[in-house]
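Engineer: Take a look at this one; I'll ask things after.
Numbering (my numbering), first residue to last: 2 to 244.
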């Protein structure tokens, strides 16, 4: 018998932000449905999180786990190891999620970072990013791929002995891709768990945390039972269920 809703852990999913668009000419939140579907299929209850800084502690007190999703939005200059300009404006998502990511790690709350979420968690640990990896890495892989996200773009090597390796149960797996930034190096306290053939860091995890895994691809597009991508959500939900 499937668990009742009350028995399922609450998984908060940080929303993305749109200043104006086809939905509204005014600022609004948006996020693909696939994130929410993946959490439900994995056995959790997805909860959307807007950027209400005054409610951050309330979010974390009530949630059992967190997803920091992808998104195309400007990171601040320090993420790239650069000095910010005097008039640099911090994007609303960055303004919230910087403190949010640190609070999640401080509480040792189960967390899954996806694409930009990998970069955010890396930056929380002091890592810097390539602004555009194609400017500094010679690679035949087009990481900012324009093919459908449901299609595999390249393989990644999964690091033996990592939690990701235990989750996916394979030494390699095919992934999709849609990113320009990438971690320059793994930050202190984390380990690399996936690498592209060109050496680009495709995943990291924090062994000291209960469950803190981040990947550069978008697993929410692959929700078939038995798929290693869905397994990431299932293990997040399992960790969040442990209390």
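Backbone N, C-alpha and C fix where the C-beta goes; we use that ideal spot for every residue, glycine too.
(1) Using only CA atoms, which one of 199, 135, 207 and 132 lies nearest to residue 158?
(2) When the Cα atoms are used, what is the spatial distance from residue 231 to residue 11?
(3) Looking at the strands, I want to know which residues DSSP matches up with residue 214.
(4) Just how far apart, CA to CA, sit residue 225 and residue 238?
(5) Run through the DSSP bridge pairs and tell me what residue 107 is partnered with.
(6) CA-CA distance, residue 170 and residue 204?
(7) For residue 66, report the span of its beta strand (DSSP E) as first-last.
(8) Would residue 112 and residue 191 be called neighbours here (beta carbons separated by less than 8 Å)?
(9) Does the Cβ of residue 91 have 16 or more other Cβ atoms within 10 Å, making it buried, or fewer, making it exposed?
(10) Taking the alpha-carbon positions, what's the residue 167 to residue 75 distance?
(11) Which residue wins for smallest C-alpha separation from residue 20, given the options 120, 130, 73 and 146?
(12) I need the DSSP call for residue 93, collapsed to helix, strand or coil.
(13) According to the Cβ coordinates, are residue 44 and residue 235 closer than 8 Å?
(14) Bridge partners of residue 156, per DSSP?
(15) How many angstroms separate the CA atom of residue 240 from the CA atom of residue 163?
Structural biologist: This is what the structure gives:
(1) 199
(2) 17 Å
(3) 113 and 206.
(4) Roughly 16 Å separates the two Cα atoms.
(5) None, per the DSSP bridge assignment.
(6) 15 Å
(7) 66-69
(8) It is not a contact, given that the beta carbons lie outside the stated cut-off.
(9) exposed
(10) 34 Å
(11) Among 120, 130, 73 and 146, the Cα nearest to that of residue 20 belongs to 73.
(12) helix
(13) yes
(14) Answer by DSSP bridge pairing, in chain order: 175.
(15) 16 Å
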